[in-house]
Amino acid sequence: MTSPNHSLTYPRDSIAWLKCLIGLDTVSRHSNLALIQQIQAYCESLGLGPVLTFNEDNSKANLFVTVGAGNDAQQPIINGGIVLSGHTDVVLVDGQDWESDPFEAVIRGDKLYGRGACDMKGFIACALNLLPKAVALSKQGVLAKPLHLALSFDEEVGCLGAPLMLEELKERGISPDYCIVGEPSSMKMVIAHKGISVFRCSVHGKSAHSSLTPQGVNAISYAARLIGFIDDLAEQLAKNGPTDGAFDVPFSTLSVGTIEGGTATNIVPNLCQFTFDYRNLPMMGTHDILPAIEQKISELNQQMQQVDSQSGIQLEQLESVPAMTDSDSAALQQLIVGLVGAAARHKVAYATEGGQFTNAGIPTVICGPGSIEQAHKANEFVALDQLTKCDMFLDKLLLSLQGK
């Protein structure tokens, strides 16, 4: 641990922390360093030694900090224990109709409003409020297992920060037992979620006057053929693919999201681009859909190149967020049951960094304050009683780390 810094004052409860965090604009297109540096200084004031990992241009950073366990202050236990994980970035507010400044927390009635209130600065605020309690127990030598806090960047644009942090932990030889991702789940336990893969198809044709269509290769028409194939594949997944009834959509899905192409009605278009996403159940992967799509692309390429050898379709993967599986988290689930006082287990279609933790060998569940229904919307809020429930949940979790 580093020497405490008592020259600064910090929020003293979860609501105050949340107001502070919302006031720091960490929209994904901006840097998150102001927030990270404030939390870094806070951790150092508690005598902790946070470790930062940066993106390529050093404009954003992850933060990982450990409250050591055991009764040897010189050599605290830093392996094992539980990670509390949260992302620091928030989504855009552009074009949204907010009743108040989205970057100034406002309490109206029993709710606290602001961008990131539930997704997911509310959980981070509760975790930061827990740190001094954990440090006090650590100094007393009564923590049997360590508590870790992991804060990432760029979760909202593809979960880009967490892999860097997990690689750094691997290099340092730190292997936590479990992870709790505090995404908004109304403080219910989520044990699995789907993965997301995003693809872009670029269809390169050949321009011609629309009166001479046989001399051209219509990029939009060939894109339409491929889109129709993807839609048919989506129907097959719904009818015949593996299912899991615990998910609200119990099968893997394919969905075309954007398309653009063409310059004028009387010109055969030479370019059309579209994107689609694949949301797979944990037992499935891209290998279940890509071979068929690639085969169709090959067939279409042959047809296109009979007219123009330079034409063809390129497929590019833009994002890949792994599914979170419940296959190794039985013991963690049992612990969470005791903490939340409910045995219900949920599975969700939205993705989180949980899949990256499970892929790193760290069994993970999701449990955090606020409702996912409020995330990304104008007038995003978290109910104050959800913050109270989260505080109580984390206090019980800390008690469990004492081995009592």
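Counting from 99, one number per residue, gives the positions in the sequence shown under this note's numbering.
C-beta: ideal position from N, C-alpha, C; glycine also.
For clarity, every value in this text was computed on a predicted model and none was experimentally measured.
Whether residue i touches residue j by CB criterion (8 Å)
| i | j | result |
| --- | --- | --- |
| residue 301 | residue 321 | yes |
| residue 225 | residue 212 | no |
| residue 464 | residue 253 | no |
| residue 303 | residue 409 | yes |
| residue 278 | residue 407 | no |
| residue 348 | residue 317 | no |
| residue 474 | residue 123 | no |
| residue 299 | residue 387 | no |
| residue 289 | residue 445 | yes |
Rounded C-alpha distance that separates residue i from residue j
| i | j | result |
| --- | --- | --- |
| residue 494 | residue 245 | 13 Å |
| residue 131 | residue 119 | 12 Å |
| residue 292 | residue 379 | 5 Å |
| residue 194 | residue 496 | 39 Å |
| residue 160 | residue 261 | 10 Å |
| residue 149 | residue 162 | 5 Å |
| residue 309 | residue 323 | 22 Å |
| residue 105 | residue 141 | The pLDDT assigned to residue 105 is 46, lower than 50, so where the model puts this residue is not dependable; a value taken from the coordinates is nonetheless given after this. Near 13 Å, if we compare the C-alpha coordinates of residue 141 and residue 105. |
| residue 214 | residue 479 | 8 Å |
| residue 346 | residue 354 | 20 Å |
| residue 429 | residue 456 | 14 Å |
| residue 133 | residue 364 | 53 Å |
| residue 240 | residue 107 | 27 Å |
| residue 127 | residue 448 | 21 Å |
| residue 190 | residue 147 | 32 Å |
| residue 249 | residue 157 | 15 Å |
| residue 358 | residue 352 | 19 Å |
Rounded distance between the beta-carbons of residue j and residue i, thought under 8 Å
| i | j | result |
| --- | --- | --- |
| residue 467 | residue 285 | 6 Å |
| residue 223 | residue 112 | 5 Å |
| residue 295 | residue 384 | 5 Å |
| residue 208 | residue 440 | Incorrect: roughly 22 Å between the Cβ atoms, too far for contact. |
| residue 116 | residue 256 | Not confirmed; about 25 Å, so no contact. |
| residue 414 | residue 297 | 7 Å |
Which listed residue (the options) has its alpha carbon closest to that of residue i
| i | options | result |
| --- | --- | --- |
| residue 273 | 477, 470, 489, 461 | 461 |
| residue 186 | 144, 309, 136, 154 | 136 |
| residue 238 | 428, 296, 171 | 171 |
| residue 181 | 485, 451, 486 | 451 |
| residue 259 | 472, 144, 454, 166 | 454 |
| residue 265 | 435, 175, 151, 442 | 151 |
Beta-bridge pairing of residue i - partner residues as DSSP gives them
| i | result |
| --- | --- |
| residue 349 | 341 |
| residue 236 | DSSP lists no partner for residue 236. |
| residue 149 | 162 |
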